[in-house]
Structure formats: C-alpha cells, structure tokens
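Per the numbering used here, the sequence shown runs over residues 645 to 1086. Ideal Cβ placement from N, Cα and C applies to all residues, glycine included. Every value quoted in this text rests on a predicted model; they were computed, and no experiment measured them. A short write-up of the structure that comes next.
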Amino acid sequence: MNISVVGTGYVGLVTGVSLSEIGHTVTCIDIDEAKVEMMNKGISPIYEPGLDELMKKNIESERLFFTTDHAAGFRHADVIYIAVGTPENSEGAADLSFVMQAAKDIAGNVSKDTTVVTKSTVPVGTNDKIKQTINLHLKNEVKIDVVSNPEFLKEGSAIYDSFHGDRIVIGTDNEDAANLIEDINKPYGVPVYKTDIRSAEMIKYASNAFLATKISFINEIANICELVDANVDHVAEGVGMDQRIGNQFLRAGIGYGGSCFPKDTKALIKIAGNVDYNFELLKGVVNVNKKQQALLIEKLNEHFTSLQGKRIAVLGLAFKPNTDDMREAASLIITEKLINQGAQVIGYDPIAEGNARRLLSDKMVYAKSVEEAINGSDIVLILTEWDEIRNVDMDIFQTMKTPLIFDGRNCFDLQEMKVRGIEYHSVGRPPVMKNMDASLAD
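Okay, structure coming up:
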C-alpha cells in the first residue's frame, strides 16, 4: 500500500517508520527542510530507542521517503495519515490549526479517491470538520473517506508499542474504509476495535484521562501514607493485585508530564465544558498533578531554613526515561524554584541536555555524568528514573558533603539507604534519617 504521513513529529515519524517496517511504501511530509534533509540521511530528530535503526533500514529498502513537497508526497498515496501537532491553546483546548492546514493541503493536491486517517489527538467532532474542510477545498473531483485511528504510543517504548499494542481503534461510518485500515494494520497482529468516528475520538481522551487519574490517585495516597507512617510501595502492590484495578500507573512520584497527559486532560475538561458539563474529577486530577510536581521543593523548604548557596545535583531532566522530551517535565518547575531560592543547580540527563538548555535557566550548570553532578553536592534530587540513575554505584553518594537525597521517583531501597548511612527522602515512604534503627527503615 502507498501511504503518506503528514507531520514528522513524535507520532508521525513513529507511525511512518513502523508502517514501512511492515511492508508499506511510506512518504513522510514535513515543511521543515533541514529536518527532512536530516531524516533522509536516516537521522531521527527525536530520541526514541530503536527508531534510527528502523529508519535507516527502510530508507535503504526504498520503502521510506521524506519530502517537503505535498504534491509529490500525495501523488501515489492510497491513504494519507494526518499526524500533525495539536498543542494546547491559551484556553486549554486543542489548537487544530495544523490539522486544518493539513486538510487543506490534502484537498489541494489529491488527484484520486483517498482515505484520510487522523492520528493526531483531536476533540470529538474534529474528523467531521476535517472531511468538510477537504470537500470544501478539493481541486479535483475525487471521493474522500475520513477515519479516526488514534495512537496509544508511550514515549520511550513507542517502537515496541507499535508492534505489541493492546488494540488498534478504527472509527468510521464507512465499512469499506474501516476494512482498508484494518488490512493496512494486519501485519502488526494487534487486536482491532471498530467503532463510530466520534467514539474513536473520545476513546483516546478517555484512555489518557483515566491513566492520569490513576497517577494522581496514587500520589494522593502516597501523601497520606507519609502522614500515617505507611509505605506507598506496599500499598500500591497490594492494591494492584486486584485484577479490577491492575498494577500499572500506580507508581508514586512527582507527577506526570510529557506531550499527552497534561494536554489531553485539559482538552477533555474543555470538551466537557463546551457541552456544559463540569468534569470535576478530572479537574482534581490536574490540580493534584500540579501540586505534586512541586513536592520536592516543599520537602526541601521544610528541611532547610534557606537554600541560598546550596549545591544541588538534579538527576534527570526529561519528563520520563528513554526520551529527550522536556514538555511539562517536573524539572522545568523545580529547577526554576531552586535557582530563585539562591541554590547552585547542577543538572544531569543522559539524553535531554540539549532540549533542557533551550528551556531551563541560563544559570543552570550541566554535568557530563552522574558522578560529576553528585561530587561535592549538598543535596541530590532525583527527577527522572533513568536506569543509569537507578543502578548508580551507591558509593558515589559518599562524595557529597553529607549524603542527602530527595528522590521524586522512589528509585532506591529504604533498607540499603539505612545500611549505607544516607539520609533519604522519597515519596509516600518513611524517610531514612541518620542514626535510624535499621528495623524502622522499611
């Protein structure tokens, strides 16, 4: 099948590369000439494990192409995927300007019957508007079908998720179009769920909102655990054994970030508001997450009368491991507050430093290794649970002035911290203090 993908952001690029890997001929279209030139060399503009390798493989196999030319990109397309960004606008709703521009570009260039597939996360009713926009601006007399096919990729494991997903959702009122998209995706071997187009749009928002709710819920439980001397790790494990609940997204920490959960929760609140529905539960989820991202600052301010002049190592800057994505990362809030309180902040991230430098204060100092960041520091903060950080040699903490860790991701075992004489504060678990009896550390 000849497929075109409009947009080579996170979703578009992973979608295009994955479709080429299962045998389709894919042309990805982007207006950024420098980006397209880089991708034609097999270099991904984003960090995603396994992506560069698949790009190079399918470019060499002549199944994957990149261009800035819409006319050339659409010339042979049987199916066109829209995978452009839908960033949050000033009102908290999804900005659909890129989606509608893609619809107009399709209308002005397609010369044969085409199925348009929306991968971008869009509010309920948007695909109807896409079809109306295309039909309004068509230059040639062709038939256009529109399908909602939301993505459920996790940054850091998107390639794996493409081939091992839980389901592929296909939303359309046209049975032939639904069957076509099912056939395209058949090589993945992932279960297909067909529904109407508006339900498919809502499935994406509902899924992300529910997962965000689980995260905020366990973080609220964690905060209560600290007040009643319980251990949230044990609570989450016991709760997650209930098959009705499940154990995923029950890891306490300093909240969610990234490109999806923050944007999609706010967008769903806005969607509800547009039909005069007050989504109180989801508003609470958003408020809890905002508060949770500042949790380590609160702990530090309770511990110290002042952070002025303190050397603080911040380990992990990306919003999660295995990505260089800084969108809505806790580090954006935490490092700013530390610097405003007079601390000297030394940041380390194995991948995201380039993006961090563009977004964080120019007063930040960057280390080239975990060891460099920790050495001579007064305090260590852990914001991202990279394997490199989780598996660090514990002896390194002895190079601090006095070993003191505030861990926002619960990376380390309480008992080990006690045995090593490291003062350790995590989320929802009892603190490990100096001279603490080992039997009380877990």
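Phe1041 has its alpha-carbon roughly 22 Å from the corresponding atom of Asn945. Leu925 is classed as exposed because its beta carbon has fewer than 16 other beta carbons within 10 Å across all chains shown. Only residues of its own chain outside the window of five on either side were considered, and among them Ile990, Ala1017, Ile1018, Ser1021 and Val1024 have a CB closer than 6 Å to the CB of Ala957, listed in chain order. A residue is called buried when at least 16 other Cβ atoms come within 10 angstroms of its Cβ; Arg1073 meets this threshold and is buried. With a beta-carbon spacing of about 5 Å, Glu845 and Ser792 fall inside the 8 Å limit used to define contacts. The Cβ-Cβ distance between Pro693 and Asn984 does not fall below 8 Å.
Residue Glu1029 holds the alpha-carbon nearest to the alpha-carbon of Phe963 among Glu1029, Ala874 and Met885.
The Cβ atoms of Val760 and Ile724 sit closer than 8 Å to each other. Sixteen is the threshold: when 16 or more other Cβ atoms of the shown chains lie within 10 Å of the Cβ of Gly800, as they do, the residue is buried.
Secondary structure remark: continuous beta strand (DSSP E) runs of at least 3 residues inside the region 797-846, in chain order: 812-815 and 836-839. The alpha-carbon separation between Glu795 and Val655 amounts to approximately 8 Å.
Listed in chain order, the beta strand (DSSP E) runs fully inside the region 861-892 amount to none, counting runs of at least 3 residues.
The DSSP assignment places no complete beta strand (DSSP E) segment of no fewer than 3 residues inside the region 905-933. Within the region 732-801, the complete alpha helix (DSSP H) segments of 4 residues or longer fall at 741-753 and 770-781, listed in chain order. Ser1070 sits buried, since 16 or more C-beta atoms from the chains shown fall within 10 Å of its C-beta. Shown here, Arg955 sits in a strand according to DSSP, grouped into three states. 8 Å or more divides the Cβ of Glu665 from the Cβ of Thr712. Within the region 1041-1068, the runs of alpha helix (DSSP H) that reach at least 4 residues and sit entirely inside it are, in chain order, 1058-1063. Per DSSP, Phe963 is not a residue of any beta strand (DSSP E), being assigned neither H nor E.
CA-to-CA, the gap between Thr816 and Asn779 works out to about 17 Å.
In terms of Cβ geometry, Gly884 and Ala974 do not form a close pair [threshold 8 Å]. A distance below 8 Å separates the beta carbons of Ile978 and Leu1027.
The alpha-carbon of Val728 is positioned some 35 Å away from that of Asn1054. Between Glu732 and Lys907, the C-beta spacing is below 8 Å. With respect to the C-alpha of Leu698, the residue from Thr777, Val670, Phe923 and Ser662 having the closest C-alpha is Ser662. Assigned with DSSP and collapsed to three states, Val649 falls in strand. By the Cβ-count criterion, Lys783 is exposed, with fewer than 16 other Cβ atoms from all chains shown falling within 10 Å of its own Cβ. Every alpha helix (DSSP H) of 4 residues or more that sits fully in the region 998-1046 is shown, in chain order, as 1014-1018 and 1031-1034. The beta carbon of Ser860 sits closer than 6 Å to the beta carbons of Val929, Val932 and Asn933 from its chain, once the five residues preceding and following it are set aside; these are given in chain order. Around the C-beta of Arg895, 16 or more other C-beta atoms lie within 10 Å, and the residue is accordingly described as buried.
Judged by DSSP secondary structure, Thr669 falls within the beta strand (DSSP E) whose first and last residues are Thr669 to Ile673. For a cut-off of 8 Å, the C-beta gap from Ser806 to Tyr832 is around 7 Å, short enough to register as a contact. Beta-bridge partners assigned by DSSP to Gln936: none are found. Considered as a whole, the region 683-709 harbours 695-704 as its complete alpha helix (DSSP H) runs of no fewer than 4 residues, in chain order. The C-beta distance from Phe893 to Lys858 rounds to 4 Å, short enough to fall under 8 Å.
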